[in-house]
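Under numbering that gives the first Met the number 0, the residues of the sequence shown are numbered 0 to 213, in order. Where is the CB? At the ideal position from N, CA and C, for every residue including glycine. Here the structure is a predicted model, which is why all the values come from computation and not from measurement.
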Amino acid sequence: MNATSTARPFIRGIVISSCGSTGRVAESIARLKRLVELDIFDFVFSFAGVFTVDSLVVPALSRFVENVFVYDMNAWTALERSFGEDKHALNSSPVMLSFAQYRTLPDNTRQRIVDTRLLAYSNFKDARPWGLDIYQCCCGARAHDMVFHADGKQFFGRKWLKTKMKTTCMRCGQMRKQIETPSWVHLCDAENLGRVWYQWPLSLPQLMDIGITR
0 MNATSTARPF IRGIVISSCG STGRVAESIA RLKRLVELDI FDFVFSFAGV FTVDSLVVPA
60 LSRFVENVFV YDMNAWTALE RSFGEDKHAL NSSPVMLSFA QYRTLPDNTR QRIVDTRLLA
120 YSNFKDARPW GLDIYQCCCG ARAHDMVFHA DGKQFFGRKW LKTKMKTTCM RCGQMRKQIE
180 TPSWVHLCDA ENLGRVWYQW PLSLPQLMDI GITR
């Protein structure tokens, strides 16, 4: 917390320094989100990669905590200004944040809304298109058995998500071209190429967009 419970406003957050299923499995994510929905915490942070490298993620994690509790940033902005600006940290592991936001209604009352997002680094070379290491071929081959490349004209700056993708499956040999970025992949506000975010966990239609059908 950034203040005592008697000196509102104060922020209640929890940082879960684990990886693997914690921030990747839908059931686990739902439980973490529930902690925010029940107003126990204002945000819950977790890594969402298969593994983490302490020396790479600790500096960004420290900046995130500092941004929230020292500089009084809202949790999502604090994440973009820490992990979103640290290519090496985000490339080593995507991060999940479930957080509460407030919306002012016409009658001037505030509505508490809970959102859960994944912040990731898009890296074709390392088989993580749009930050998704769960991408699959229609034959069932996983991303590490596929090759990803930009296809056609490459865009940069704020338009880099318009760059289309080409995939080649090393298992079945299928090649797909001119694959557009899904509409649910959003550009990160940080002025850095490759940073994206989307709602987490992915819905069934979204999973189908990246080849997961079973």
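Relative to the Cα of D125, the nearest Cα in the group S97, V69, T166, A25 belongs to T166. Residue state for F40 is assigned as coil, using DSSP reduced to three classes. Per DSSP, the beta bridge partners of Y101 are R111. Runs of the alpha helix (DSSP H) spanning 4 or more residues and lying entirely within the region 122-148 do not occur at all. By the neighbour-count criterion, in which 16 or more other beta carbons inside 10 Å mark a residue as buried, I28 falls on the buried side. Among the bridge pairs identified by DSSP, S91 is matched with none. In the three-state DSSP reduction, I28 falls in the helix class (H, G or I).
For Q205, the enclosing alpha helix (DSSP H) starts and ends at 203-208. K163 has D150 as its beta-bridge partners, per DSSP. With a contact defined as Cβ atoms closer than 8 Å, D41 and F98 qualify at about 7 Å. S17 counts as exposed, since fewer than 16 other beta carbons sit within 10 angstroms of its beta carbon. A residue is called buried once 16 or more other Cβ atoms fall within 10 Å of its Cβ, and K161, having fewer, is exposed. The alpha-carbon separation between P204 and R102 amounts to approximately 28 Å.
Under the three-state reduction of DSSP output, W183 falls in the coil class, being neither helix nor strand.
Inter-segment contact for the region 175-182 and the region 102-112 is absent: fewer than three beta-carbon pairs are separated by less than 8 Å. Counting of Cβ neighbours within 10 angstroms places S182 among the exposed residues, the total staying below 16. Looking at the DSSP output, V14 sits in a beta bridge with F44. In the structure shown, W199 falls within a coil segment according to DSSP collapsed to helix, strand and coil.
Under DSSP, the beta-bridge partners assigned to Y120 are R194. Here P58 is exposed, its C-beta having fewer than 16 other C-beta atoms within 10 Å. R175: not part of any alpha helix (DSSP H); member of the beta strand (DSSP E) spanning 174-178, first to last residue.
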